[in-house]
Every structure is written in C-alpha cells, then in structure tokens.
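Q: What follows is a single structure, and I will ask about it in a moment.
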Amino acid sequence: MRRWLGYLLVGLLAYAAFLLAQAPASLAIQRLEDRLPARLTGISGTVWSGHASRVSTGEVLLGELGWQLQPMALASGRLSAAVQLEGPLLGRARISMQPDASLAVTGASLRIAADLVNELLRLPAAIGGELLVDIERLELPPGPPFEGTLPEVRGQITWPEARVPALLDAPLGEFVLDLRRAGDHIEGRLKSADGQLDASGRIDVDARGNFDLSLQVEARTGAPQQVRVLLRSLTGQGRGGPVSLRDSGNLHQWL
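The sequence shown begins at 2 in the numbering used here and counts up by one.
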C-alpha cells in the first residue's frame, strides 16, 4: 500500500512539473524578474524551452538568450537550465537557481566583445580585442556581490591579442587571469602567454570588493621601441628592465 502511494505521489509531482514547464515563459520571467541579474524582454516559448530576444543591463545590450530546462534538477528543488547566448556576449552555460535565490553557473564558455566590456565597466582606459571567459563554477549568494558576500569562483579569463588603443596602437600579446576563491578572498593570478610583454601579477578581492593589485611587466626581446617607451612613461623611469606596478581600491569604482 505504501509503495503504491509512493508511486502515485511521484507521478503526481512529475505531472505537476510537466504542467509547470509548459506554462508561458513570460509568466515565469515576471515572477523571477527581481532575482535575475539582467533584464529579459521579447519573451517567447515556454518555461521548458524559451527565448528572450533582448537581454540587457541598464542601457547596455548583452544580446539574446535561449534556454532549455533540465528536468532532473527539479527533483532536488533546483531550477536548472542550459542557456545559449548570442550577440556581444556569445557563449553557453548551465545556470541553476536554488530555493534561497542563490545562483550557480557551471561549464560556462563565453566570448565578450571589448566594446561591451568598455560599456559595462568604467576602466581607466578602453580596451580592444575580446575576452574569452571559461567558468568551471561560479556561485552567487542572494543579493548584490561584493557587498558583504563573496562569490565562489573557479575559472579563467583570457585576453588574446590584447590592445589598449589609447596607450599604444599595437597588439600587446595574450594575457591569462586564473581566478579562485581562497578562504576569505578571491585570488587572481595573471600571466602573459605570448606577445610583446612578459607580465605576471596578482589581485586579491575581499567580500566588500576591496582589491590589491600588483604587477611586474617587462618588454620582451625584440619588442618595438614604442612598447619600451610606454613602460617608461608609466613609471617615470628612464631606464629599462622590469616595471613594477601596484594599485588598490574597490571594484565598485569600475561597476
């Protein structure tokens, strides 16, 4: 008897999940709007399989989004979907929302146009090229990040054919930033993979967004003279050799 009731309960739950998944996507987005990190408009399809023709944050267009719900996650109380992005933000990822509204991003592979980065962040100088972002796992607690909460992150950001047009109208090479949560802070380690500069560095960020950055940069053998002039101008040093740069502040000054 108990086994029969158990099968019945599972069947009813599965049927309820099926009905929920067939609901219009626009209704679900309205309910979740306050919890989403971006604004979705032009919604079509169902909760199970839907599409947003415009994804934006503020006035900045990120692109369009398609998603496919992962039904097995519902059994553990999570809402999980495989998502595909097209536009200035291009790529794919798996996103899960927990009952407490925390978000987890796994298996993300993104290509971000430099123009989009310049629109989103108030950087000291505009960058050129594109960023390649590979996220093994990113966990975002409820509420804005770096306001007392520290995301869990494991991933890598690559800047191939790096350019900073305002400083130098030439490619600087390729740079890779490895990111990891390390106790009470996020640690990023920078290295150069190729190009005109030999660079290494580290950035540490705490739960309030305060960061400490240290870099050591040197022009590689055969680098154009304009690269060496740029490094000397950044430090005011008249000699060659490695250049050490340090900075500190808060991430919110860039957001």
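Beta carbons are placed, not taken as given, at the ideal position from N, Cα and C, and that holds for glycine.
Three or more beta-carbon pairs under 8 Å between the stretch 103-117 and the stretch 132-149, yes or no?
A: Put simply, the stretch 103-117 touches the stretch 132-149. At least three CB pairs are less than 8 Å apart.
Q: If I measure Cβ to Cβ from L173 and keep anything under 8 Å in the same chain, skipping five residues before and after, which residues do I get?
A: A163, R164, V165, G196, Q197, L198, V228
Q: Do you know offhand how far N251's Cα is from F212's?
A: About 6 Å.
Q: Cα-Cα, which of R95, L121, L91, I30 is closest to V61?
A: L121
Q: Where does W68 land, buried or exposed, given buried means 16+ other C-beta within 10 angstroms?
A: buried
Q: Find out if the Cβ-Cβ distance for the pair V177, T159 is shorter than 8 Å.
A: yes
Q: For L252, which three-state DSSP category applies?
A: helix
Q: Between A57 and L180, what straight-line distance do the alpha-carbon atoms span, to the nearest angstrom?
A: First, the residue type needs correcting, since residue 57 is Ser and not Ala in the sequence shown. Approximately 25 Å, taken between the alpha carbons.
Q: In this structure, does DSSP put P72 in helix, strand or coil?
A: For P72, the secondary structure class from DSSP, reduced to helix, strand or coil, is helix.
Q: CA-CA distance, A171 and A220?
A: 14 Å
Q: Contact defined as beta carbons within less than 8 Å: I believe L168 pairs with A194. What is the distance between those atoms, to the nearest angstrom?
A: The beta-carbon separation of L168 and A194, rounded to 20 Å, does not stay under the 8 Å limit for a contact.
Q: Going straight from the alpha carbon of R4 to that of P38, what length do you get?
A: Because the pLDDT at R4 is just 49, under 50, the model does not fix this residue reliably, and the value given afterwards should be weighed accordingly. The alpha-carbon atoms of R4 and P38 are separated by roughly 43 Å.
Q: Which residue from Q99, A114, M98 puts its Cα closest to that of G92?
A: A114
Q: Near L80, which residues of its chain fall below 6 Å by C-beta distance, leaving aside the five closest residues on each side in sequence?
A: M98
Q: Considering only residues of the same chain and omitting the five flanking positions on each side of A53, which have a CB-CB separation below 7 Å?
A: Excluding positions up to five away in sequence, the list reads L41, T42, G43, I44, E65, L66.
Q: Assign I30 to one of three DSSP states: helix, strand, or coil.
A: Note: I30 maps to helix in three-state DSSP.
Q: Whose C-alpha, out of W255, H253, S215, D185, is nearest the C-alpha of P1?
A: Missing from the structure shown is residue 1; the chain here goes from 2 to 256 and no further.
Q: Does DSSP classify S234 as helix, strand or coil?
A: helix
Q: Cα separation between L231 and G46?
A: L231 and G46: Cα-Cα distance of roughly 53 Å.
Q: Would you tell me roughly how many angstroms separate the C-alpha atoms of A208 and P161, rounded to the nearest one?
A: 29 Å
Q: Roughly how many angstroms separate the alpha carbons of L143 and E153, rounded to a whole number?
A: Note that residue 143 is Pro in the sequence shown, not Leu. Approximately 12 Å between the Cα atoms of the pair.
Q: To test your reading of the DSSP string, which unbroken beta strand (DSSP E) runs of 3 or more residues are found completely within the stretch 123-201?
A: The stretch 123-201 contains these whole beta strand (DSSP E) runs: 131-141, 153-165, 169-183, 186-196.
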